[in-house]
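The opening position of the sequence shown corresponds to residue 1499 in our numbering, with each subsequent residue numbered one higher. Even for Gly, the Cβ is constructed at its ideal location relative to N, Cα and C. Just so you know, these numbers come straight off a predicted model, no measurement behind them.
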Amino acid sequence: MKNNEKRKFPDELGPIKKKQKNSEVEELEEVMWNNVPYIVKDGLRHLTPYWTSYKTWTKHRWLGRTFEEVFSKEFLSTNKNYARVACRLGRIYINGTQMTNPNHILNNNERIVHIGHRHEHPILDYSNIEVIADTDDIFVINKPASIPVHACGQYKFHTILALLEKEKGIKGLRVVHRLDRATSGVLIFAKTYEADVELKQSLIANDWKKEYICRVVGEFPNEEIECNEPIGTLSLSMGIQCIKNDGKDAKSKFQRLWTNGQESLVLCKIATGRTHQIRVHLQWLGYPIISDTIYNRDEWGPNRGKNAEYGKSFEQLQTDVQNAHRGSTWKEITDPEYNERMEKMANDPELKPDSMDMTKLLDLPEYDPICLGCHVLKPDSMDMTKLLDLPEYDPICLGCHVVSKIPPMDHLRLHLHCWRYETSKGTFIASLPEWASEIHESDKKRFISC
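#1: Going by CA-CA distance only, name the one from 1612, 1645, 1777, 1919 that's closest to residue 1729.
#2: Which of helix, strand or coil does DSSP assign to residue 1640?
#3: Return helix, strand or coil for residue 1739, following the three-state DSSP convention.
#4: Residue 1556 and residue 1610 look like a contact to me (Cβ under 8 angstroms); what is the Cβ gap, rounded to whole Å?
#5: For residue 1681, which residues from the same chain have a beta carbon less than 6 angstroms from its beta carbon, with the 5 sequence-adjacent residues on both sides left out?
#6: Any chance you could list the alpha helix (DSSP H) runs of at least 4 consecutive residues sitting entirely within the region 1541-1589, in chain order?
#7: In the structure shown, what three-state DSSP assignment does residue 1615 receive?
#8: From residue 1693 to residue 1639, what does the alpha carbon distance come to, in whole angstroms?
#9: May I ask you to report which of helix, strand or coil DSSP gives residue 1915?
#10: Go to residue 1812, then tell me how far its alpha helix (DSSP H) extends in each direction, as first and last residue.
#11: Exposed or buried, residue 1709, counting other C-beta atoms within 10 Å across all chains shown (16 or more means buried)?
#12: Look at the alpha carbon of residue 1780 and the alpha carbon of residue 1799, and state the distance between them as a whole number of angstroms.
#13: Decide if residue 1891 is buried, meaning its Cβ has at least 16 other Cβ atoms within 10 Å, or exposed.
#14: Three-state secondary structure (DSSP) at residue 1750?
#15: Give me the DSSP bridge partner(s) of residue 1715.
#16: Let's see if you can read the secondary structure: which residues bound the beta strand (DSSP E) around residue 1682?
#17: For the beta strand (DSSP E) that residue 1536 lies in, which residues bound it at each end?
#18: Count the other CB atoms, across all protein chains shown, that sit within 10 Å of the CB of residue 1761; report buried if there are 16 or more and exposed otherwise.
#19: Please determine, among 1703, 1718, 1658, the residue with the shortest C-alpha to C-alpha distance to residue 1683.
#20: Could you name the residues that DSSP lists as bridge partners for residue 1622?
#21: Only counting the same chain, and skipping five residues up and downstream in sequence, which positions put a Cβ closer than 7 angstroms to that of residue 1655?
#22: Look at the alpha carbon of residue 1560 and the alpha carbon of residue 1571, and state the distance between them as a whole number of angstroms.
#23: Between the region 1716-1726 and the region 1781-1789, can you find at least three pairs of beta-carbon atoms closer than 8 angstroms?
If you want it as structure tokens, here you go:
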């Protein structure tokens, strides 16, 4: 959306369909969830790898391109030969039909299903998800750090929506807004269609008052600092932002609450809601968040992005920042035999679909717990417990052939906490994390909503 374009409210976009319910889907999802065991080790919660299906519809930018090209460029964490091998082995279905030609040209309205072996990333172990408010139409929690809100990437069951359903029996929540995986704090869900529309309309209109607490590098100035630098995209595939003259308007205010001269605790108030707004504005000011593995790095230049002075071209900055954030956080050493085997399989003219019964996964429910008006498939008969009969090891799964790293704490927890939201449905405050213990009640009351 351009700066001079008016954002539309949900009602202006046409009627929003109410979410369809399907008791069979809910029951089967529960069976699957209850049969994926986990262990807790060194403060991290690890899920056992499991088989699943990844579903998507062709996107406009994919049309006219080959399946192999799109898969290889869109999903960067896989082996370079994975798309071709998975396709030749019969792991890809298009509109319900097995597709074994990697050079298939993607067309409009094609539903692609990829059968894969999922290794979810670990999350921080937690004792309980704190409930801030639970009414007839909203549900508000203090989101723990390290957990994404909904299924994405390598996360499906290690998500807030899945954990709330499993641990508290709460289903059908509507996501009103999101917090980054490593961010903690106030997270608001709607229980009803009406509350969902009301909250989203007020959010789009910037009627919410949003206040965050963060811990930054250096001695932040004592006076209130305002930053109005426009924010644009640096890497679309990774969601990384930067200060850009042609970016979207963004407005943030910062007030120091505490400092020891080396680090500072800062209250952040944002009038707009751009992606990574607080993190990018603090980087520009020269006080990046201490644990920020994206915006507090040398790849941004000698001053780590202060005043948007990177000491390199925009293209070089893109390359350097993207290369620093590929799969190295989670993976250490790949079995060299795996790469050799994938290369050999990709070039084997005799490679045929394997004998594993993929239909056990093909008809898993197309269910998105946050989707308005999602269409749910109803297979005639489906037993998710059969998924447990599939092999525990997949010869083409990268996750089965790497030594996994224990991710550093900074990757799991960002020193950014969504502390206080004031909305049309009320004001919600999340208790502070331990890294903000230097803040006293007098500090919070002094600056709250001023």
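This is what the structure holds:
#1: As a position in the sequence shown, residue 1729 is number 231, starting the count at 1. Taking only the C-alpha atoms, the option nearest residue 1729 is 1777.
#2: Mapped onto the sequence shown, residue 1640 falls at position 142. Of the three classes helix, strand and coil, the one that applies to residue 1640 here is strand, per DSSP.
#3: In the sequence shown, counting from the first residue as 1, residue 1739 sits at position 241. Strand at residue 1739.
#4: Counting from 1 along the sequence shown, the entry for residue 1556 is found at position 58. Counting from 1 along the sequence shown, the entry for residue 1610 is found at position 112. Yes, residue 1556 and residue 1610 are in contact; Cβ-Cβ is about 7 angstroms, under 8 angstroms.
#5: Position 183 of the sequence shown, counted from the first residue, corresponds to residue 1681. Once the five neighbours on either side are set aside, the close Cβ partners of residue 1681 are 1912, 1914.
#6: Unbroken alpha helix (DSSP H) stretches of 4 residues or longer found wholly inside the region 1541-1589: 1565-1572, 1580-1586, given in chain order.
#7: Locating residue 1615 in the sequence shown gives position 117, where the first residue counts as 1. Under the three-state reduction of DSSP output, residue 1615 falls in the strand class.
#8: As a working mapping, residue 1693 is identified with position 195 in the sequence shown. As a working mapping, residue 1639 is identified with position 141 in the sequence shown. Taking the straight line joining both Cα atoms gives about 16 angstroms.
#9: Taking the sequence shown and counting its residues from 1, one reaches residue 1915 at position 417. Residue 1915: strand per DSSP, three-state reduction.
#10: As a first step, residue 1812 must be located in the sequence shown, where it is residue number 314. That run of the alpha helix (DSSP H) goes 1812-1821.
#11: Here residue 1709 refers to the residue found at position 211 of the sequence shown. Residue environment analysis places residue 1709 among the buried positions, since at least 16 neighbouring C-beta atoms fall within 10 angstroms of its C-beta.
#12: Position 282 of the sequence shown, counting from 1, holds the residue named residue 1780. Position 301 of the sequence shown, counting from 1, holds the residue named residue 1799. Looking at the two C-alpha atoms, the distance is approximately 15 angstroms.
#13: Taking the first residue of the sequence shown as 1, we reach residue 1891 at position 393. With fewer than 16 Cβ atoms within 10 Å of its Cβ, residue 1891 is classed as exposed.
#14: As a working note, residue 1750 is residue 252 in the sequence shown. The answer is strand: DSSP assigns residue 1750 an E or B state.
#15: One-based indexing of the sequence shown puts residue 1715 at position 217. Per DSSP, 1761.
#16: Within the sequence shown, residue 1682 is the residue found at index 184, counting from 1. Element bounds for residue 1682: 1682-1688.
#17: Taking the first residue of the sequence shown as position 1, residue 1536 is located at position 38. Run containing residue 1536: 1536-1539, per the beta strand (DSSP E) assignment.
#18: Working through the sequence shown from its first residue, we reach residue 1761 at position 263. So residue 1761 ends up on the buried side.
#19: Reading the sequence shown from its first residue, position 185 is the one you call residue 1683. The candidate whose alpha carbon is nearest that of residue 1683 is 1658.
#20: Working through the sequence shown from its first residue, we reach residue 1622 at position 124. Secondary-structure assignment with DSSP links residue 1622 through a beta bridge to 1542.
#21: Taking the sequence shown and counting its residues from 1, the one referred to as residue 1655 is at position 157. Within the same chain, residue 1655 has close Cβ partners 1531, 1534, 1545, 1618.
#22: Taking the first residue of the sequence shown as 1, we reach residue 1560 at position 62. Taking the first residue of the sequence shown as 1, we reach residue 1571 at position 73. Take the alpha-carbon of residue 1560 and the one of residue 1571: they are about 11 angstroms apart.
#23: These segments touch.
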